[in-house]
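What follows is a single structure, written as structure tokens, with notes after it.
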Amino acid sequence: MFTRLSQSLFEASIRSAYTRRFREKGAQAEGVFWASRLSQQARFEQVLQDMKSEQGTDRFSLADIGCGYGALFDYIRRTEAWRGIDYSGVDINKEMISYCQREHAQHKHRFTTGRKPDRAVDFAVFVGTFNLCHTDDYALWQDYILRQLALSWARVRTAMVLNITSQAEPLINNNIFYVQPEAFAERLAEAFGPTATCPTRFVQQDVTYVIAKEAK
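Heads up, the sequence shown is in this note's numbering, so the first residue is 18 and it goes up one at a time.
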């Protein structure tokens, strides 16, 4: 059974790993365990296009949960098509948030330490947020993911968008969590509601889910 102790241990381990990596590699894709800048940006474009399709416009608000050093914010700012997005970034790693607030001093209010949006938003987006895990217990980490998603679900108006690594069979390998796309979609639908699944364009072994809020 998942417990608060499990969450505390998971998060302490993950924070430590990201802090060490960031200090070693700096503010680049490799600094947050991405394979490359190209694969990172392909994921960004995928989730942004999915949100645009869901919202019916390229003007919407999003909370980037697990924002790291603010790479998605940088991508949005330098891509003209996405500059109408109202961005906020959230991370459990205080060092990452401090970096974002220093790097984007005029936008420091957009970055907060936490696990969920600090206000109501159209979308909560998780880009690789749960890929790195420090456990061999697949069910336990899956439960952790669902619990973290639930924290944001209450504050989104339109949908949650989750990008995560995937394989034909669910497993954890070299501290990377891989979902089986259809099986995990079923878990998301059971927990939250209608869930669309799409392989992430230009990225192998990667899937993006759109979990839509049903109209009241």
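Quick reminder that beta carbons are idealized off the backbone N, C-alpha and C, glycines included. Being a predicted model, the structure only gives us computed values, none of them experimental.
Taking DSSP as the reference, what is the three-state secondary structure of residue 53? Locating residue 53 in the sequence shown gives position 36, counting from the first residue. In the structure shown, residue 53 sits in coil (DSSP, three-state: anything other than H, G, I, E or B).
Determine the direct distance from the alpha carbon of residue 174 to that of residue 140, and round the result to whole angstroms. In the sequence shown, counting from the first residue as 1, residue 140 sits at position 123. In the sequence shown, counting from the first residue as 1, residue 174 sits at position 157. Distance between the alpha carbons of residue 140 and residue 174 is about 7 Å.
Determine the extent of the alpha helix (DSSP H) in which residue 160 is found, giving its start and end residues. Here residue 160 refers to the residue found at position 143 when the sequence shown is read from its first residue. Run containing residue 160: 155–170, per the alpha helix (DSSP H) assignment.
Exposed or buried, what is residue 183 when buried is set at 16 or more other beta-carbons lying within 10 Å of its beta-carbon? Position 166 of the sequence shown holds residue 183. The residue in question, residue 183, is buried, as its Cβ has 16 or more Cβ neighbours within 10 Å.
Status (buried if at least 16 other CB within 10 Å, exposed otherwise) for residue 79: Stepping through the sequence shown from its first residue, residue 79 is reached at position 62. Buried, by the Cβ-count rule.
Just mark residue 149 as buried or exposed, buried being the case when its beta carbon has 16 or more other beta carbons within 10 Å. Translated into the one-based positions of the sequence shown, residue 149 becomes position 132. Residue 149 is buried by the Cβ-count criterion.
Burial state of residue 201 (16 or more Cβ within 10 Å): Mapped onto the sequence shown, residue 201 falls at position 184. Looking at its Cβ environment, which holds 16 or more other Cβ atoms inside 10 Å, residue 201 is buried.
Compute the Euclidean distance between the alpha carbons of residue 92 and residue 137, then round it to the nearest angstrom. Here residue 92 is taken as the residue at index 75 of the sequence shown, counted from 1. Here residue 137 is taken as the residue at index 120 of the sequence shown, counted from 1. Cα-Cα distance, rounded: 22 Å.
So is residue 211 buried or exposed if we call it buried at 16+ other beta carbons inside 10 Å? The residue given as residue 211 occupies position 194 in the sequence shown. Under this definition residue 211 is an exposed residue.
Round the Cβ separation of residue 85 and residue 49 to the nearest angstrom and send it over; I've been treating them as touching at under 8 Å. Working through the sequence shown from its first residue, we reach residue 85 at position 68. Working through the sequence shown from its first residue, we reach residue 49 at position 32. Correct: roughly 4 Å between the Cβ atoms.
Cβ neighbours of residue 42 in the same chain (closer than 6 Å, five flanking residues each side left out): If you number the sequence shown from 1, residue 42 lands on position 25. Closer than 6 Å at the Cβ level, and outside the excluded window around residue 42, lie 48.
For residue 154, count neighbouring Cβ atoms within 10 angstroms of its own Cβ and tell me buried if that reaches 16, exposed if not. As a working note, residue 154 is residue 137 in the sequence shown. So residue 154 ends up on the exposed side.
Within 10 Å of its beta-carbon, does residue 171 have 16 or more other beta-carbons around it, so buried, or fewer, so exposed? Taking the first residue of the sequence shown as position 1, residue 171 is located at position 154. Exposed.
Between which two residues does the alpha helix (DSSP H) holding residue 90 run? Within the sequence shown, the letter at position 73 stands for residue 90. It spans 88–95 - the alpha helix (DSSP H) in which residue 90 sits, taken as one unbroken run.
If we call anything under 8 Å between Cβ atoms a contact, is residue 44 one with residue 116? Residue 44 sits at position 27 when you count from the first residue of the sequence shown. Residue 116 sits at position 99 when you count from the first residue of the sequence shown. Yes, the Cβ-Cβ distance between residue 44 and residue 116 is below 8 Å.
Enclosing alpha helix (DSSP H) for residue 198 [first to last residue]: Here residue 198 corresponds to residue number 181 of the sequence shown, with the count starting at 1. From DSSP, the alpha helix (DSSP H) with residue 198 extends over 198–208.
Alpha helix (DSSP H) segment containing residue 132, residue limits: As a first step, residue 132 must be located in the sequence shown, where it is residue number 115. Neither: residue 132 is in no alpha helix (DSSP H) and is coded neither H nor E.
Does residue 117 come out as helix, strand or coil in the three-state DSSP assignment? In the sequence shown, counting from the first residue as 1, residue 117 sits at position 100. Of the three classes helix, strand and coil, the one that applies to residue 117 here is helix, per DSSP.
Is there contact here, the segment 64–78 with the segment 112–126, by at least three beta-carbon pairs under 8 Å? no
Express the C-alpha separation of residue 164 and residue 120 in angstroms, rounding to a whole number. As a working note, residue 120 is residue 103 in the sequence shown. As a working note, residue 164 is residue 147 in the sequence shown. Going from the Cα of residue 120 to the Cα of residue 164 covers about 31 Å.
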